[in-house]
């Protein structure tokens, strides 16, 4: 048996009145001291998150939003420029269905590469994305609660919501909202989606995007991304962001700017575009959307290679937007065929009736 | 009915509103409510507007409790038509009663002065303002000038930002109304962090004070603005300098806080080697900081930020802000350093890939054209052609520098520094910097000739090119800013006293384009479009439209000359003789216009029979001799002053002399005399335009 004193302290704080019953279900825990000590750590993290490391920050945010009833997803396994591209945001924002989700997303912005030399810029970085649909009335309070959860005292720091509206020409999407300032530093983007893929958002999705590296630099008081502490290793030595990603930044910058195969990328773009169109025809919006993401990334790489002139650039953006719009409509239709299973009854009725009326008209 | 008055309060609580439109939103909301009250003839003694990031409010004092009552007389058909012989109501009477919502028995008759008619008297008004305020508020909100409205949650309502609460009070009574599905109450909310709770407003008058004392919110936008100005000024003094407070930044900052607290921070002195404009841009545009200068106007390595909180540890807020500005300044320093390693001349090649306008080629092509045009202008003005041509070649190179890519308002300024770094002359560097002046109405002009010439050439090139492809501005659509560009070009020509013919410049500009689709008409169109801008110019100077019209009638094309004449005519129009002479000119002009064949100018002295026409002829000769040299020197004001002396002679002429004499020889001689008179005045302007229209 572990010392009861320690256990009590944790149990009172975290597990309510009946800790015993929960543990009795899993008797092994009582006898394996190693597992038990891990458990203490993880339980303690729930209420007193340790956001002093990069991964601690991620765990803290995940726990906070899990507690708000979000579906915690894992990052999308494809190259995207922002967490918004993840189907859990872009596609789920379409139609009347309820959707609350949170996830980390790695983002690639080839033109932002600095060969690992700039302490503030990366071509690969992380966003923590939260989407709440319909956007709840207390969404700002929920967000501020997450900052408090990270240990940010709102009576010390100057936190502000500063107008910043969002528009994505490639996604045919726009929304209104703010960037959130923490003592003058932009740490979060906050957006009420109004349109996605040319489709009016109803109900509205509220999107919260945390810039994880920025917040971590703030919390850890570091001036370089590469000095961020990712975690502490078993010997008690810090493993830094640089240890994990510096080489990647150097090599990927070189690849993005100098080695990415231009002909291959142009043909990738064309192929993905035609495949996407075929898949939309086949009524398969999800794989079609993957093609759009691939095309979009090919475009970003071509941009980094300066292979696209200013006038051509506009044309490429237009091509991606056309696809995004088609995919959005196709996804809406597919969910409609399924009867919008996740929508509240009244909203479902309203949107289905409207869609039917529109269909009959045409 | 009691005629006592009320205090009214409405407050809409929202999520953070856009700071650059807060002032306009508040004004429009207030004006909308005033308009609504006026439409219903409700009077009040005082109206105050309040606005913070999270609320728009209006407070009205001395508001009428009821709309004024007015009695209304509705006349109906004549009694003899409405009633039959037996006094029974007929169809017309029944219809009239129905229309007015009364029964036939209630019908009255009265005499309208001619005959007996049906009359319905009723009174309007007397509606309680309490019942009307909901509609007034809703209408005002619906009409707010919101660029983009948004929806939120599962609602269908649209507003600037999501709405959370609504206070509507008439004295201490809640008005039972709804806006965006939210019921009005007496609960406001305090500062997001200092007083995050409901605040009960017991009555409409106590609003501002209560939010200040309990809510930690300064609801008055003006008071907040004044407080910020004072705090920032004081903070700068403590730093041993002076804050530079730009009004638009001040207003924006005012709209970002409910409880302002100014804090001063520092940055590394080493950054001062970067062009000041880039540092200021980093602080102002991105971070909304005020910058601080010493007594010589030199930038100090510090900034003042206005926070929205009385922090428990202000030092943490300061350090946080210092951490934000450091990488931004480091970026600027980095861009400045790396940009300098490529000369503007080498960088110019990159402009070949930057499109100016799809049909008008690249920005590189534009610099080639500017070079030809600016060179031409410089040689007309007898100034240094070579440095103007050099500046023209390099003037757009900084658009493809890292600095301008990041800080767009550094265009020209970055080029100035890079030119000096490249070893270009001061004239070339200055021209690159000053080419964008004037940026807005009332802005300063280029100080150097080279700058003014490039500025002029750049604008003329754009205007001519865009007109040449048939995309001249229509209505309110002016995507290339041709109005402002035209006005800027006129100002340069006039205020720098460049005696240049605009038509010639436009022809030169058009000739630098290879094949403009509208090549045939472009010069006439551009000239008249540009000269038309004078109208707005003179309107601002309070010079009457007829005055420009009088000068413009001469179809001149040298803006400097036009402007001199306009001011001469303006001075002339203030003389006591002006109206009579204008009328005389008008009369002469009408007489001459009526003639089938155009009268000549030759006057035969022997045919001048009347003394008044002899006097006029004599004086015309004298004045022509006197005015000639003045005209040559463009002393238009003096010339017109002299001509004013002709008034008596002309009046006498018209009093006594019959122009349209029966004898054709006499008549033609008199017409020639008038023709001379008209031509003399027309030397300056068509004075007849000043004649007051009957």
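Residue numbers (our numbering), protein chains in the order written: chain R, 19 to 380; chain W, 132 to 825. Where a beta carbon is used, it is the ideal one built from N, C-alpha and C, also for glycine.
Using a Cβ-Cβ distance under 8 Å, would residue 455 of chain W count as near chain R?
-> So, interface residue.
Pick out whichever of W/765, W/770, W/533, W/748 has its Cα sitting closest to the Cα of residue 781 of chain W.
-> Here the closest residue by C-alpha is W/748.
Cβ separation of residue 659 of chain W and residue 553 of chain W, assumed to be a contact under 8 Å, to the nearest whole Å = That belief does not hold up - the Cβ atoms of residue 659 of chain W and residue 553 of chain W are roughly 41 Å apart, past 8 Å.
Reduced DSSP category for residue 333 of chain W - H, G, I as helix; E, B as strand; rest coil = In the structure shown, residue 333 of chain W sits in coil (DSSP, three-state: anything other than H, G, I, E or B).
Does the beta-carbon of residue 254 of chain W have 16 or more other beta-carbons within 10 angstroms, so that it is buried, or is it exposed?
-> Exposed, since its Cβ has fewer than 16 Cβ neighbours within 10 Å.
So residue 530 of chain W packs on residue 559 of chain W, CB below 8 Å; how close in whole Å?
-> Distance from residue 530 of chain W to residue 559 of chain W at the Cβ level is roughly 17 Å; contact not present, criterion being Cβ atoms closer than 8 Å.
Does the Cβ of residue 282 of chain W have 16 or more other Cβ atoms within 10 Å, making it buried, or fewer, making it exposed?
-> Buried, because 16 or more other Cβ atoms sit within 10 Å of the Cβ of residue 282 of chain W.
Assigned secondary structure, residue 473 of chain W (DSSP; H/G/I helix, E/B strand, else coil) | When DSSP states are grouped into helix, strand and coil, residue 473 of chain W belongs to the coil group.
Which value, in whole angstroms, describes the spacing of the CA atoms of residue 601 of chain W and residue 526 of chain W?
-> The straight-line gap from Cα to Cα measures roughly 27 Å.
Since residue 116 of chain R and residue 362 of chain R are thought to touch, with beta carbons under 8 Å apart, how far apart are those beta carbons, to the nearest angstrom?
-> Their Cβ separation, rounded to whole angstroms, is 6 Å, which keeps residue 116 of chain R and residue 362 of chain R in contact under 8 Å.
Span separating the alpha-carbon of residue 292 of chain R from that of residue 123 of chain R = Residue 292 of chain R and residue 123 of chain R: Cα-Cα distance of roughly 27 Å.
Interface residues of chain R around residue 443 of chain W at Cβ under 7 Å?
-> Chain order gives the chain R residues near residue 443 of chain W as 173, 174, where near means a beta carbon separation below 7 Å.
Starting from the C-beta of residue 352 of chain W, find all residues in its chain whose C-beta is less than 8 Å away, skip the five residues before and the five after it, and write them out in chain order.
-> Cβ neighbours of residue 352 of chain W beyond the five flanking positions: 153, 154, 157, 180, 181, 182, 183, 385, 386.
CA-to-CA distance, residue 399 of chain W to residue 149 of chain W, given in whole angstroms | Going from the Cα of residue 149 of chain W to the Cα of residue 399 of chain W covers about 32 Å.
Identify every residue that forms a DSSP beta bridge with residue 488 of chain W.
-> Bridge partners of residue 488 of chain W: W/492.
Please confirm if residue 412 of chain W has its CB atom under 8 Å from at least one CB of chain R.
-> Residue contact check for residue 412 of chain W against chain R: no CB pair falls below 8 Å.
Verify the CB distance criterion: does residue 197 of chain R have a CB-CB separation below 8 Å to chain W?
-> Judged by the 8 Å Cβ criterion, residue 197 of chain R is not in contact with chain W.
Put residue 274 of chain W into one of helix, strand or coil per three-state DSSP.
-> DSSP places residue 274 of chain W in coil when its eight states are reduced to three.
Using the rule of at least 16 other Cβ atoms within 10 Å of the residue's Cβ for burial, across every protein chain shown, is residue 108 of chain R buried or exposed?
-> Burial call: buried.
What does a CB cutoff of less than 7 Å around residue 188 of chain R pick up in its chain, not counting 5 residues either side in sequence?
-> The beta carbon of residue 188 of chain R lies closer than 7 Å to those of 314, 335, 338, 339, 342 in the same chain, with the five residues before and after it left out.
Tell me which same chain residues have a C-beta within less than 7 Å of the C-beta of residue 365 of chain W, skipping the five on either side of it?
-> The beta carbon of residue 365 of chain W sits closer than 7 Å to none of the beta carbons in its chain outside the five residues before and after it.
Are residue 349 of chain R and residue 303 of chain R touching if we call contact CB-CB under 8 Å?
-> Contact flag set, yes.
Can you tell me which of the three DSSP states residue 41 of chain R falls into?
-> Because the pLDDT at residue 41 of chain R is just 35, under 50, the model does not fix this residue reliably, and the value given afterwards should be weighed accordingly. The answer is helix: DSSP assigns residue 41 of chain R an H, G or I state.
Under 8 Å Cβ to Cβ from residue 567 of chain W, same chain only, skipping five residues before and after it: list those, please.
-> For residue 567 of chain W, where only same-chain residues beyond five positions count, the Cβ hits under 8 Å are 542, 543, 586.
Determine the direct distance from the alpha carbon of residue 135 of chain R to that of residue 47 of chain R, and round the result to whole angstroms.
-> For residue 47 of chain R, the predicted model reports a pLDDT of 39, less than 50, meaning its position is unreliable; a value from the coordinates is still stated below. Straight-line Cα distance between these residues: approximately 47 Å.
Excluding the 5 residues preceding and the 5 following residue 653 of chain W in the sequence, name in chain order all residues of the same chain whose CB lies nearer than 8 Å to its CB.
-> Scanning its chain for C-beta atoms nearer than 8 Å, with the 5 sequence neighbours on each side dropped, one finds around residue 653 of chain W the residues 595, 598, 599, 637, 641, 647, in chain order.
Buried or exposed by the 16-neighbour rule on C-beta atoms within 10 Å, applied to residue 258 of chain R = Burial state of residue 258 of chain R is buried, judged by a 10 Å Cβ sphere holding 16 or more other Cβ atoms.
Residues of chain R with a CB under 9 Å from the CB of residue 279 of chain W: which are they?
-> Correct list: 183, 192, 194, 212.
Based on Cα-Cα distance, which residue from R/217, R/201, R/368, R/220 lies nearest to residue 455 of chain W?
-> Ranking the options by Cα distance to residue 455 of chain W, first place goes to R/201.
Roughly how many angstroms lie between the CA atoms of residue 62 of chain R and residue 249 of chain R, to the nearest whole one?
-> Reliability fails at residue 62 of chain R, whose pLDDT of 48 lies under 50, so the model's placement of it is uncertain and the value that follows must be treated cautiously. Cα to Cα, the separation comes out at about 17 Å.
For residue 336 of chain W, which of W/753, W/301, W/402 has the nearest alpha-carbon?
-> By alpha-carbon distance to residue 336 of chain W, the top candidate from W/753, W/301, W/402 is W/301.
Of the residues W/645, W/266, W/238, W/144, which one's Cα is nearest the Cα of residue 171 of chain W?
-> Nearest option by C-alpha distance: W/266.
Find the nearest neighbour of residue 722 of chain W within the set W/619, W/804, W/304, judged by alpha-carbon distance.
-> Looking only at W/619, W/804, W/304, the smallest Cα-Cα distance to residue 722 of chain W is reached by W/804.
Every unbroken beta strand (DSSP E) inside the region 185 to 231 of chain W [3 residues or more] | Every unbroken stretch of the beta strand (DSSP E) spanning 3 or more residues and falling wholly within the region 185 to 231 of chain W is given here in chain order: 186 to 195, 201 to 209.
Residues of the region 421 to 440 of chain W with a CB closer than 7 Å to any CB of chain R: list them in chain order, please.
-> Answer in chain order: 436, 438, 439, 440.
Residues bridged to residue 147 of chain R by DSSP?
-> Beta-bridge pairing links residue 147 of chain R to R/121, R/227.
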